[in-house]
Structure formats: structure tokens, C-alpha cells
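Below: the structure, in C-alpha cells.
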Amino acid sequence: MRVFYVELHCSGCGQLAAMNSPVVYADRAGYTRLWHPNCFVCCKCGEALVGLIYFWKEGALLCGRHYCQSIRPRCLGCDELIFSEMFLQEPNGHFWHKEHFCCWLCGQSLRVQCGCDKRQSK
Numbered sequence: 001m002r003v004f005y006v007e008l009h010c011s012g013c014g015q016l017a018a019m020n021s022p023v024v025y026a027d028r029a030g031y032t033r034l035w036h037p038n039c040f041v042c043c044k045c046g047e048a049l050v051g052l053i054y055f056w057k058e059g060a061l062l063c064g065r066h067y068c069q070s071i072r073p074r075c076l077g078c079d080e081l082i083f084s085e086m087f088l089q090e091p092n093g094h095f096w097h098k099e100h101f102c103c104w105l106c107g108q109s110l111r112v113q114c115g116c117d118k119r120q121s122k
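Numbered by UniProt numbering, the letters in the sequence shown go through residues 1 to 122 in order.
As C-alpha cells, then:
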């Protein structure tokens with residue numbers, strides 16, 4: 001009888017996964033991929049995902065925050081997802097709820113220069 005050993009490599013770091021060490025399999029990624037527990041992290045922020053809900057999108061591991069952000073924009077003013085279709089997007093790629101695109105001191109829309117800038121620079 002012959003015994004064959006297959007070398008398994010971590011999908012995160014690419015290093016060999018020792019036969020006697022724990023590995024993480026992600027159902028959504030298929031059982032051909034595995035990770036060292038320390039390598040099973042969100043590809044955007046590096047948050048450890050062992051024991052947490054994770055998402056698999058387009059070949060990448062994501063935490064809940066970054067998965068949701070890949071589907072809906074996030075308001076720069078309040079850091080919440082924007083579910084309304086009525087929002088603003090700046091040319092630099094920032095998104096805002098319409099009601100949050102304003103000066104936090106006086107409430108003036110950021111489309112118009114408010115007097116707060118002049119008062120603060122003095």
C-alpha cells in the first residue's frame with residue numbers, strides 16, 4: 001500500500017500548511033482553498049475572520065463592513081451605508097447622504113462656501 005501526502009498551501013500567505021496544524025476552510029470558497037487561522041482575514045482591512053461571519057466575493061474574503069460597502073456606498077458624513085437612491089457623489093469618489101453634505105457648524109451646504117471657514121482661520 002502506498003501513502004501519498006499532498007502539500008497544502010495557505011491561500012493567504014502561500015506558505016505550506018503543516019499536516020499537524022489547524023487550518024480554516026471556507027465553504028463559500030470551496031474546499032480546494034484553506035488558510036492558516038491568522039491568515040483568514042478581510043482583504044480590505046485585515047480584520048481576523050475566524051469565528052466571525054465572513055463573505056466571499058469575486059475570489060476575496062471580506063468582513064461584513066467591507067462586503068456591504070462593496071454593494072452600497074458609505075456616507076462620508078455619518079459612516080453609514082446609503083440605501084436611498086438620493087445621495088451625492090463627489091468627483092473624488094466620496095459619497096454623502098444629501099442631508100450630511102453640509103458644514104457641521106452652521107448647516108450650510110458644502111456646494112457654497114460658508115462663513116465658518118473664515119472665522120476659524122483667524
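From the three backbone atoms N, C-alpha and C, an ideal C-beta is built for every residue, glycine too.
As a beta-bridge residue in DSSP terms, S109 pairs with C102. DSSP places A17 outside both helix and strand once states are collapsed to three, so it counts as coil. Listed in chain order, the beta strand (DSSP E) elements of length 3 or more contained wholly in the UniProt domain "LIM zinc-binding" (8–73) are 55–57, 60–62. In the three-state reduction of the DSSP assignment, C78 falls in the coil class, being assigned neither a helical nor a strand state. Judged by beta-carbon spacing, C45 lies beyond the 7 Å limit of G12, meaning their Cβ atoms are not closer than that value. Taking every protein chain shown into account, the CB of H36 has 16 or more other CB atoms within 10 angstroms, so this residue is buried. Counting the other CB atoms within 10 Å of its CB gives Y54 a total of 16 or more, which places it among the buried residues.
Residue environment analysis places I71 among the exposed positions, since fewer than 16 neighbouring C-beta atoms fall within 10 angstroms of its C-beta.
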